[in-house]
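Enquirer:
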Amino acid sequence: MRRFTADLVFHDGRLRPDIAMLVGDSGRIVSIGPAEENPEPADGGTTRFEGAILPGAVNAHSHAFQILLRGKADAARDFRDWVDSYLYPLSLTLDEAGLELAARLAFAEMLKNGVTTVGEFFYLHNAPESEGCAGRGNRNAEIVIGAARSVGIRIHLLRCLYDGAEKPGQRRFFEPADSAIAATRDLAATFESVAHVTVGIAPHSLHGATPEGIQAAAAYAAECGTPFQIHLAEEEHDLEYAQSRYGTTPGRALEQLGVVSERLCVVHGVWLDADEIAALGTAEAKCAYNPVSNMALGDGVTDIPAMVAAGMIVALGCDGPGANHQVNIWQEMRFVEWLQRVTLRRMNVVALSDRASTANYCFEMGTVNGGTALGLPVGSLEAEQWADFVVIDTADLSLLPHHGADPDALLHNIVNAMAARGAVTDVYVGGREVVGDRRLTRVDERELARAAAEWQC
Ligand SMILES: [Zn+2]
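The numbering used here applies: residue 3 is where the sequence shown begins, and numbers increase by one.
In structure tokens, the structure reads:
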């Protein structure tokens, strides 16, 4: 057992002084609270940080391989052009080495940004076009999980079910639904007792999965008692597609399929109408919201106030960094609110009637809500949760001034202003140090950077 403490610790909804946390050898938090009630254990020492301990951020929706598009796709005219001209060509050619490099690069950057868990929505199951896009089962997913383990981030791999491919560019993703379910079951069994790795399922979308495939994935999730994700109503064309295939809107299509439940986590939800959002809220469905990606691709703005009012849990994701360009959940937190301001031309929108707590809402979306959306005990510092936390230098220029050590002002600065790569000094996953003094501790960062710099597509 080890004891961790700092000048401030985010506990019970606020940054507080004189808090200590005891972490067991299992990597779980045993106890957290007033320092005098959590003394140094007889079998371990105390690690005391200057600055503040926060729960690690949770990236609830990621496609790590897309980081290799960074710098290449800025000439895209719109979402469709971005997919057809850039995403599919990369998907068809990416080999094993490229897949591994992309995942290591994305996950390493996430850790240095203070992201301790990634919900990796993975669909590149088949071999490259040069090998005829032959099915490879779980080989590619295992490469991505291996990359996460090598850098030290917690990964929840959402193995995508993509049984509805219609375009040549989707040949890399296609699997029959029964094969996909069987492979997901195998992958979950393989990593059942491996630390910091869990496996879930994700039918890709209304256009990427058949009705039967979506229902089969939802049934698998129900059997396992885990959430499942599906891209839904991301761009305006998704409305036309749902109308042509299902004769209704995207949210109602899922209702027709009978897959709307508390296990459903819709990704994006930009073009859902008020009644669809209300129905999702009634079912206690979740949303993995990706504001920066939605901005970068010109998708639109999700009605987050309506989702919050309907009782939906909203988590945050960076989506594909080829669109987003960054893998920084703290940035997503601020853009949740700011995008609403652009749309509605007023302020403190997400907080609804509670004007003091906009930052708290957005902070929760990027931390504990991510844990809830992925079905993992992460994102908050409480007993029984994984000890996934970050240390920030509260004297970082981006976090000043402190307004007389006002902890609420500091939280507002963390959400609205923090330059994560400068402010995050140390990162722990399951009680293990994975970033120390702003450097990755488990991989040679310079070697990774050199390999990534040399890669080109
Ligand atoms: Zn996505």
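The beta-carbon is built from N, C-alpha and C at its ideal position, and this holds for glycine as well.
1) Compare the Cα-Cα distances from Gly171 to each of Glu435, Tyr90, Trp388 and Val380 and report the closest residue.
2) Quick check on this structure: which residue in Gly283, Glu98 and Gly148 has the alpha carbon closest to the alpha carbon of Glu131?
3) Spell out the partners DSSP gives Trp388 in its beta bridges.
4) Please classify Pro403 as buried or exposed, where buried requires at least 16 neighbouring CB atoms within 10 angstroms.
5) Pick helix, strand or coil for Lys288, following the three-state DSSP scheme.
6) Which value, in whole angstroms, describes the spacing of the CA atoms of Arg87 and Ala185?
7) What are the uninterrupted segments assigned as alpha helix (DSSP H) that are 4 or more residues long and contained completely in the stretch 81-148, given in chain order?
8) Got a sec: is the Cβ-Cβ distance from Glu334 to anything in chain D below 8 Å?
9) Along the chain, where does the beta strand (DSSP E) that runs through Gln231 open and close?
10) Please state the DSSP three-state secondary structure of Val436.
11) Can you round the beta-carbon distance between Asn418 and Arg348 to whole angstroms, since I take them to be within the 8 Å contact cut?
12) Mind reading off the beta-carbon distance from Val393 to Ile147? Whole number of angstroms is fine, and I expect it under 8 Å.
13) With the cut-off set at 8 Å, would you say His206 and Tyr125 are in Cβ contact?
14) What does a CB cutoff of less than 6 Å around Gly215 pick up in its chain, not counting 5 residues either side in sequence?
15) Give the DSSP bridge partners of His404, in chain order.
16) Here's the rule I'm using: 16 or more other beta-carbon atoms within 10 Å means buried, otherwise exposed. How should His239 be labelled?
17) Under a Cβ-count criterion, where at least 16 other Cβ atoms within 10 Å of its own Cβ denotes burial, should Ser195 be classed as buried or exposed?
18) Residues in the same chain with beta-carbon distance under 7 Å from Ala454, minus the five sequence neighbours each way, listed in chain order, please.
19) Find the nearest neighbour of Pro213 within the set Ala197, Val201, Ile232 and Thr200, judged by alpha-carbon distance.
20) So within the stretch 293-341, which uninterrupted beta strand (DSSP E) runs reach at least 3 residues, ignoring any that extend past its ends?
21) Starting from the Cα of Tyr430, find the closest Cα among Asn61, Ile21, Leu10 and Val25 and give me that residue.
22) In angstroms, rounded to a whole number, what distance separates the CA positions of Ala62 and His158?
23) Figure out for me which residue from Gly15, Thr7, Phe6 and Met3 has the closest Cα to the Cα of Leu413.
24) Have a look at the DSSP bridge pairing and note the partners of Met23.
25) What would DSSP say about Tyr430, mapped onto helix, strand or coil?
26) What is the DSSP secondary structure of His239, counted as helix, strand or coil?
Expert: From the atom records:
1) Tyr90
2) Glu98
3) Arg30
4) exposed
5) strand
6) Correcting the residue identity first, residue 87 is Ser in this sequence and not Arg. Their Cα atoms are separated by approximately 30 Å.
7) 81-84, 90-95 and 98-114
8) In the structure shown, chain D does not exist; there is a single protein chain.
9) Phe230 to Leu234
10) strand
11) At roughly 17 Å, the Cβ-Cβ gap does not stay under 8 Å, so Asn418 and Arg348 are not in contact.
12) Actually they are not in contact, since the Cβ atoms of Val393 and Ile147 sit about 26 Å apart, beyond 8 Å.
13) yes
14) Leu163, Asp165, Ala179 and Pro205
15) Paired residues: none, contrary to the question.
16) exposed
17) exposed
18) Leu103 and Leu107
19) Ile232
20) 315-318
21) Val25
22) 9 Å
23) Gly15
24) Phe6 and Ile34
25) strand
26) helix
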